[in-house]
Each structure stands twice: as structure tokens, then as C-alpha cells.
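Residue numbering for the sequence shown follows UniProt numbering, starting at 1 and increasing by one per position.
Worksheet for the structure shown next.
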Amino acid sequence: MIITIASGKGGVGKTTTSASLAVGLAKLGKKVLAVDGDISMANLGILFNMEKKKPSLHEVLSGEADIKEAIYKHRTGVYVLPTSLSLEGYKKSDIDLLPEVINDIEDEFEYIIIDAPAGLNREMATHLAVADKLLLVVTPEMFSIIDAVRLKESAEMAGTPLMGIVLNRVGRDFGEMRKDEIEMLIKGKVLVEVPEDENVRAGALKNMSVIEYRPNSPASLAYMKLASILAGVPIDFEIDIKKIKKKESFIDKIKKLFWR
């Protein structure tokens, strides 16, 4: 199955979701390829610490390398097709070749996760065309939802159905919209709510997905839940969640002692 992970705007955690879902599926025993589809930014490649690998997707899309030469296995078990930071490589790349090169290796993986560029542009049309399903990443704020609605409409025009919604960075103080309001506006199901978690950023600074960095953190558990839903593999999260709540309550007590 080819899943394009997209968002109507930047900064909502799309690349984090792409990497975390790929790692989560790999932990469940699935053979997964993560594709750095944002060929101008290389964010997914950076998160997997593979942005300097050559050949990369740039060389594949310029006809200089075969796609199998540009796929690397990460220590988490995820196979990664990275993009480099080279401006020259970006200029030589023909994004319209993406469906053709992905189709060449589609049968070798159970899941192909494509981290698409944010927003609506010509590149996004190609990412929607190659995908079997679209997974939308949003934050619970109005502008994110409005942009997601437009993106979903574009996907429908391309014949790509919406798999569901990842409601990301829940718990921040910016007048959040409710889950039911978001589902009504986008006309899709929220598969998982990912809480705001400082471990996501801390892991990224070490070129690690949050699942690899802190497997029992709130965001990690949410992403594992997402992976389990997609893979159809039930996982019991209750024990781990209780442990995290205990840890957080203890930390809160310490904070009160010093910051009151």
C-alpha cells in the first residue's frame, strides 16, 4: 500500500508523522519504505540522518541512478529513499517520474510511506497521483483545518481516497478545535490524537524519530497506535500510559516545589 502523508500547511508535524509511522510499522514486523518526497527540503532524510547519501531520490529522478541503488536500510528496520540537500540535484530532478519509479519497487514492500511537501502545488499533484491512500496531518487550529479541506478536495479530484486524519500537537494553548468539529469540516475520521510532547523535538535533534528516542513517551504511544490501526495488529497501551501518567505527576510535584 502506498500512503502519501500530507498537510495543507507547514509546521504541523507531517515529517515527524511520516517517520514515526514508518518506524512503528517496522516495529510491528512490516516491511516499510519511507520516501522523502519533498525533494526541495530533505527533511525526512535529515530525520533519518541520510541526507548525505548518494545516490538519492534526486539522482533517481534525474535518470542518473536506479531506484534500488538509492534505498538504504536504517537501524530501525525502515528502508529509506532519502533526498539530498543539493540544490543542483533538486534542479535536475523531474518529479513527474515519481509514479514510474515507485511502481518499479511497489511489490517489494508492504507499505510505502511518502512524506509529501506541505501545501498545494504541482509536486503535490504527483504525490496524490502515485498514492493508494491519503493520510492528512493537522493541528487543532482553524487555518490548518481550512488548508486540509482544500487538500482533501484536490485528492478527491485525483481519485485518491482519504484514509484518515492525524490530529497532531494536541494540548497546546491556542484555542484548540474539538475532534468532532475537525471531523465534520474535513469529512474524515481522526484515527489518532498525538499529544504535544517535548520528546519529539529532543529526538529530532539527535536524528531520531520519537519512537526510537523515547518509545514510551505520549507521542510514541500515539504513533504506535496509528501503526497498529493501519497494520491491523492490536496493541494494548493501557499499562504504558498509566506509567507515563505516574511519571508526569511526579515531575509536576517536583516543579511545584521549586517554582511556586
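We put the CB at the ideal spot given by N, CA and C, even for glycine.
What are the boundary residues of the alpha helix (DSSP H) that G45 is part of?
-> Taking the first residue of the sequence shown as 1, we reach residue 45 at position 45. Element bounds for G45: 43 to 47.
Coarse secondary structure for G164, derived from DSSP in three states = Numbered from its first residue, the sequence shown carries residue 164 at position 164. In this structure, G164 counts as strand in the three-state DSSP scheme.
Closer than 7 Å, CB to CB, is G63 near chain D or not?
-> The displayed structure is made up of one protein chain only, and chain D is not part of it.
Contact set for S86: own chain, Cβ-Cβ below 7 Å, skip 5 residues either direction = Here residue 86 refers to the residue found at position 86 of the sequence shown. Answer for S86: H58, listed in chain order.
Across which residues does DSSP place residue 281 in a beta bridge pair?
-> With the chain covering only 1 through 260, there is no way to say anything about residue 281.
Mark E212 as exposed unless 16 or more other C-beta atoms lie within 10 angstroms of its C-beta, in which case mark it buried.
-> Here the question's residue 212 lines up with position 212 in the sequence shown. Here E212 is buried: its Cβ has 16 or more other Cβ atoms, across all protein chains shown, within 10 Å.
I2 (DSSP reduced to helix, strand or coil) = Numbered from its first residue, the sequence shown carries residue 2 at position 2. The answer is strand: DSSP assigns I2 an E or B state.
Can you tell me where the alpha helix (DSSP H) with V210 in it begins and where it stops?
-> Here residue 210 refers to the residue found at position 210 when the sequence shown is read from its first residue. Looking at the DSSP string, the run of the alpha helix (DSSP H) that includes V210 is 210 to 213.
Is P99 helix, strand or coil when you go by DSSP?
-> On the sequence shown, position 99 is the one that residue 99 refers to. Three-state DSSP puts P99 in a helix.
Identity of the residues DSSP links to I113 by a beta bridge | In the sequence shown, counting from the first residue as 1, residue 113 sits at position 113. DSSP, once it has assigned bridges, lists I3, A34 as partnering I113.
Is DSSP giving V78 helix, strand or coil here?
-> Start at 1 with the first residue of the sequence shown, and residue 78 comes out as number 78. In this structure, V78 counts as coil in the three-state DSSP scheme.
Quick one: Cα of A98 to Cα of A116, how far?
-> Taking the sequence shown and counting its residues from 1, one reaches residue 98 at position 98. Taking the sequence shown and counting its residues from 1, one reaches residue 116 at position 116. Correcting the residue type first, residue 98 is Leu in the shown sequence and not Ala. Answer to the nearest angstrom: the Cα atoms are 12 Å apart.
At a cut-off of 6 Å, is I186 close to the ligand COA when judged by its beta-carbon and the heavy atoms of the ligand?
-> Although the ligand COA was asked about, the structure shown includes no ligands whatsoever.
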